[in-house]
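J.: Before anything else, here's the structure in question.
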Amino acid sequence: MESLLTALRRTLPFGLLAGAGTTLAIAAMEQAAAMAGRPLGLIPFVTSIVLVLSLPDAAPARPRALIGGHLVASLAGYAVLSVAGHSSLAIAISVGLSAFLMHVTRTMHPPAGIDPLLIVDQQLGIDFLVLIVLPGALALAAFASLWHRLGRRLSG
1 MESLLTALRR
11 TLPFGLLAGA
21 GTTLAIAAME
31 QAAAMAGRPL
41 GLIPFVTSIV
51 LVLSLPDAAP
61 ARPRALIGGH
71 LVASLAGYAV
81 LSVAGHSSLA
91 IAISVGLSAF
101 LMHVTRTMHP
111 PAGIDPLLIV
121 DQQLGIDFLV
131 LIVLPGALAL
141 AAFASLWHRL
151 GRRLSG
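Just so you know, full-length UniProt numbering puts 139 at position 139 of the sequence shown, and the rest follows in order with no gaps.
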């Protein structure tokens, strides 16, 4: 029982901070979707937010992976859409290609795998990349950096 309390004392502050940051980031994402007139389901950052705010030291949570992964994955989706069009097979290929490209470019960010799926399935134009994906990834990276700095100041 005591080891459970010790573990809870050690993890609770960061868990609360990660949860609060996630709540703020999701609320901002919902607001941005409403302002842009986009369905929330086309804003591909929920799992990215949870990852970068809950596991900031994990390689897939670092800015290079977050931003690069979303960019590479989206470009894979556009490449497949332009060559193969819209189909179930094209969706599968686009996600597989994105995983391969994120791996070889060392920008592995698993949540970005939703980007090519959305691009091919919804046949989204390049505006999705320019107006949603890149600004969203950049904003999330900046928010996560500031949030974690705040957390370090509060905890020590």
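Just so you know, even glycine gets a beta-carbon here, dropped at the ideal spot from N, CA and C.
Taking 7 Å as the threshold (C-beta atoms), are Gly69 and Thr107 in contact?
T.: Yes.
J.: Under DSSP, the alpha helix (DSSP H) around Ala61 begins and ends at which residues?
T.: Segment: none, Ala61 is in no alpha helix (DSSP H) and carries neither H nor E.
J.: Between Leu140 and Ala25, how many whole angstroms is the CB-CB distance? I'm expecting something under 8 Å.
T.: That belief holds up - the Cβ atoms of Leu140 and Ala25 are roughly 7 Å apart, short of 8 Å.
J.: Can you give the Cα-Cα distance for Val104 and Leu4, rounded to whole angstroms?
T.: Cα to Cα, the separation comes out at about 41 Å.
J.: Would you report the Cα separation of Pro39 and Ile93, rounded to the nearest angstrom?
T.: In a straight line, the C-alpha of Pro39 is about 25 Å away from that of Ile93.
J.: Excluding the five sequence neighbours on either side, which residues of its own chain have a C-beta within less than 7 Å of the C-beta of Glu30, listed in chain order?
T.: So the qualifying residues of the chain are Leu40.
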